[in-house]
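*Asks:* Sending over a structure as structure tokens; questions will come in a sec.
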Amino acid sequence: FFSAVCLEAIGEAKVEWMTSSDIQASDEEVFNYTTVLPVKGEKEVDEALLHPGSYYFPFEFNLPQRLPSSFKSKHGRLRYFARMTIYTPDGPHHERKSKFAVISALDLNSEPDAALPVENDTYEAVGSWCCIAGTVTASMKLERKGYTLKEAIPIYAEIKNLSTRRIHSTKVSLIQVK
């Protein structure tokens, strides 16, 4: 016999990063829909119990507007899943979980900062504290913050080697942030 069916749709974000001394982590629930489906028995005496057999429980829920898209990266993830838990008179008995993806549309025209340029300058001293060989400076610029799928992203970079050491290679990484 089972006495209740609980259905949940959940969106959760998890992130991890390292500081100089330890690993930090953060979790946040971005969406939660929970409902307990009414269970009707075959007789009035069994009103809250279902006997063994097959049962169909239709349900639906609406996702909130502007829900962030699912993603997974080296430092974190945002995922959505639906979970069904069957309760017996003794408590939770059976659980099933199924992931689903959310791909949200984003209108860059409605994002006030999307058209703004991005610039970053940095420098680093080359060598050890007792034998500084000079500095290396790097400047990077993007025409704007917002880009669409499959759109080319031109990166303008300038590196100045003001040290006595030779630079063997440079690398640029684009990291998606929300």
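Going by my numbering, the residue at position 114 of the sequence shown is 95; the numbering climbs one at a time, nothing skipped.
C-beta atoms are modelled at their ideal positions from N, C-alpha and C, and glycine is treated no differently.
Keep in mind that this is a model prediction, so the values were computed, not measured.
Using 8 Å as the threshold, is the C-beta distance between V186 and L48 below it?
*Replies:* Lying before the first or after the last residue shown, residue 186 is absent from the chain, which here runs from -18 to 159.
*Asks:* Which same chain residues end up closer than 7 Å to D3 when comparing Cβ atoms and leaving out the 5 residues on each side of it in sequence?
*Replies:* Here residue 3 refers to the residue found at position 22 when the sequence shown is read from its first residue. Around D3: no qualifying Cβ.
*Asks:* Could you please give the first and the last residue of the uninterrupted beta strand (DSSP E) stretch that includes Q5?
*Replies:* Position 24 of the sequence shown, counted from the first residue, corresponds to residue 5. Run containing Q5: I4 to L18, per the beta strand (DSSP E) assignment.
*Asks:* Hey, is the stretch 113 to 122 in contact with the stretch 96 to 103, meaning 3+ C-beta pairs nearer than 8 Å?
*Replies:* Because the criterion of three Cβ pairs below 8 Å is met, the stretch 113 to 122 and the stretch 96 to 103 touch.
*Asks:* Using the Cα positions of A(-6) and R77, report the straight-line distance between them to the nearest angstrom.
*Replies:* Along the sequence shown, read from residue 1 onward, the residue named residue -6 stands at position 13. Along the sequence shown, read from residue 1 onward, the residue named residue 77 stands at position 96. Taking the straight line joining both Cα atoms gives about 20 Å.
*Asks:* Alpha carbons only, please: which of E(-11), K55, T145 and K53 is nearest the one belonging to F12?
*Replies:* As a working note, residue 12 is residue 31 in the sequence shown. Closest by alpha carbon: E(-11).
*Asks:* Please state the DSSP three-state secondary structure of N43.
*Replies:* One-based indexing of the sequence shown puts residue 43 at position 62. Note: N43 maps to coil in three-state DSSP.
*Asks:* Rounded to a whole number of angstroms, what is the C-alpha to C-alpha distance between A86 and A95?
*Replies:* Start at 1 with the first residue of the sequence shown, and residue 86 comes out as number 105. Start at 1 with the first residue of the sequence shown, and residue 95 comes out as number 114. Spanning the two alpha carbons is a distance of roughly 15 Å.
*Asks:* Given a cut-off of 8 Å, decide if F81 and F62 are closer than it, judged by their beta-carbon atoms.
*Replies:* Sequence index remark: in the sequence shown, residue 62 carries index 81 (1-based). Sequence index remark: in the sequence shown, residue 81 carries index 100 (1-based). In this structure, F81 lies closer than 8 Å to F62 by Cβ.
*Asks:* Do you know how far the Cα of V153 is from the Cα of E139?
*Replies:* One-based indexing of the sequence shown puts residue 139 at position 158. One-based indexing of the sequence shown puts residue 153 at position 172. Going by the C-alpha atoms only, they are around 12 Å apart.
*Asks:* Quick one: is G169 buried, meaning 16 or more other Cβ sit within 10 Å of its Cβ, or exposed?
*Replies:* Residue 169 is absent from the structure shown; the chain starts at -18 and stops at 159.
*Asks:* So, using beta-carbon positions, are F17 and H56 closer together than 8 Å?
*Replies:* Locating residue 17 in the sequence shown gives position 36, counting from the first residue. Locating residue 56 in the sequence shown gives position 75, counting from the first residue. Reading off the sequence, residue 17 comes out as Val, not Phe. Against a cut-off of 8 Å, the Cβ pair of H56 and V17 comes out as no contact.
*Asks:* How many whole angstroms separate the CB atoms of L123 and P93, which I take to be in contact at a CB cut-off of 8 Å?
*Replies:* For the purposes of this step, residue 123 is taken as the residue at position 142 of the sequence shown. For the purposes of this step, residue 93 is taken as the residue at position 112 of the sequence shown. The Cβ separation is near 17 Å, so there is no contact.
*Asks:* To which residues of the same chain is S144 closer than 7 Å at the C-beta, ignoring the five residues directly before and after it?
*Replies:* The count along the sequence shown starts at 1 and reaches residue 144 at position 163. The answer, listed in chain order, is V107, A114, G115, T116 and V117.
*Asks:* For S91, does the three-state DSSP call read helix, strand or coil?
*Replies:* Sequence index remark: in the sequence shown, residue 91 carries index 110 (1-based). S91: helix per DSSP, three-state reduction.
*Asks:* Taking the straight line between their C-alpha atoms, what separation do you get for Y36 and L59?
*Replies:* Locating residue 36 in the sequence shown gives position 55, counting from the first residue. Locating residue 59 in the sequence shown gives position 78, counting from the first residue. Whole-angstrom Cα-Cα distance: 32 Å.
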